[in-house]
Amino acid sequence: METFDAIKGRRSVRKYTDRKIPKEKLEEIMEAAVWSPSGSNVQAWEFIVVENNDAIKKIKTFSPGIFGNPAVMIIVCRDLKRAYEVCGELGRDILSLMDISMASENIMLAAYDLGIGSCAVRSFGISAVKRLYDLPEQINPELLITLGYPEETPKPPKRREVGEVVHWGRRQVEG
Amino acid sequence: MKSSTGAEDKSRDEFFVLLAFLVTSARNCVEEPKLYGPFRLIDGASRLIEILEGAGMADKFLVAVRKKIDDGKYSVMGDKDEFIKFLDDLTLDFADKLKSEGGA
Chain A
538 METFDAIKGR RSVRKYTDRK IPKEKLEEIM EAAVWSPSGS NVQAWEFIVV ENNDAIKKIK
598 TFSPGIFGNP AVMIIVCRDL KRAYEVCGEL GRDILSLMDI SMASENIMLA AYDLGIGSCA
658 VRSFGISAVK RLYDLPEQIN PELLITLGYP EETPKPPKRR EVGEVVHWGR RQVEG
Chain B
57 MKSSTGAEDK SRDEFFVLLA FLVTSARNCV EEPKLYGPFR LIDGASRLIE ILEGAGMADK
117 FLVAVRKKID DGKYSVMGDK DEFIKFLDDL TLDFADKLKS EGGA
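Protein sequences, first through last, are from chains A and B.
Mapped onto the numbering used here, the consecutive letters of the first sequence carry residue numbers 538 to 712.
Mapped onto the numbering used here, the consecutive letters of the second sequence carry residue numbers 57 to 160.
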């Protein structure tokens with residue numbers, strides 16, 4: 538698949554079939570995650586891949602933003618200690634968030650390339666997930682990514698026009 | 057002590073999940089977009105009806121309401137006006153139902 542086709546074709550999928558995702562595909566997807574850009578190459582990210590149905594159900598219980606029954610859930614975490622040690626407050630508060638965002642996009646594009654749907658979800662109980670997984674203080678779950686074979690693919694959402702948001706050379710609009 | 061039946065255990069589990077949803081939603085609504093408040097409430101209504109359906113306690117009206125919610129709730133993601141109209145329609149459905157039953 539062409540990169541641009543994946544970028545334009547990916548949707549936030551909220552209805553999945555029961556089909557399982559083969560392990561080798563998941564490994565490929567996670568390989569894509571660790572090859573994303575990282576500020577100062579700190580890579581202050583960790584990913585918990587949850588495949589067990591009961592475990593997924595438990596996370597869903599504390600995730601108002603998750604719809605449908607995904608085959609897999611990825612808990613995308615920041616390692617605040619690692620980010621701070623290398624890049625100080627900038628690393629801890631900003632760069633690490635940018636890094637996991639870029640890694641998440643890699644995950645979702647790689648999944649799409651393999652015919653797997655995904656949805657990034659921030660609406661979940663961060664403290665509850667931290668407790669369920671006994672995560673140490675410095676490891677913060679920031680995003681859940683659901684994965685599964687789509688039962689339904691949403692229509693493309695409205696996008697702001699390129700001409701409205703892209704400024705060639707200089708921003709010309711007021712305000 | 058009265059021992060619980062399988063059906064009671066199922067209901068307890070379903071209500072636990074619903075309550076966890078409500079509590080987590082309440083916490084997240086502190087920071088989430090304003091429109092997510094009504095979205096969580098209406099989604100919570102759908103989840104409650106689903107439990108009632110499972111227990112054989114939902115009538116045709118409630119089943120239709122749940123279907124309408126599930127078909128329209130995602131408009132919150134893309135079209136604020138459409139979402140508000142969808143909430144207005146649902147409110148009117150309840151008013152019409154009450155009227156038709158001779159209430160109010």
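Backbone N, C-alpha and C define an ideal beta-carbon position, used for all residues, glycine too.
Fair warning: this is a prediction, and the values are worked out from it, not measured in the lab.
query, result
"DSSP three-state assignment for A/Y670, whether helix, strand or coil", "coil"
"Within-9 Å CB hit, B/S81 to chain A", "yes"
"Inter-residue CB distance, A/A640 and A/S573 (contact presumed, cutoff 8 Å)", "4 Å"
"Any C-beta of chain B under 9 Å from that of A/T598", "yes"
"Members of the stretch 617 to 630 of chain A that neighbour chain B once the beta carbon cut-off is set at 7 Å", "none"
"CB contact flag (A/V586, A/V609, <9 Å)", "yes"
"Alpha-carbon spacing of A/G685 relative to A/K667, whole angstroms", "23 Å"
"Strand pairing of A/S549, partner residues [DSSP]", "A/S655"
"Within 9 Å of chain B by C-beta, residues of the stretch 680 to 709 of chain A in sequence order", "P691, P694 and K695"
"Inter-residue CB distance, A/C614 and A/V579 (contact presumed, cutoff 8 Å)", "About 14 Å separates the two Cβ atoms, so there is no contact after all."
"Three-way DSSP call (helix, strand, coil) for A/N677 in this model", "strand"
"Contained alpha helix (DSSP H) runs [length at least 4] in the stretch 64 to 125 of chain B, N- to C-terminal order", "92 to 110"
"Burial state of B/S81 (16 or more Cβ within 10 Å)", "buried"
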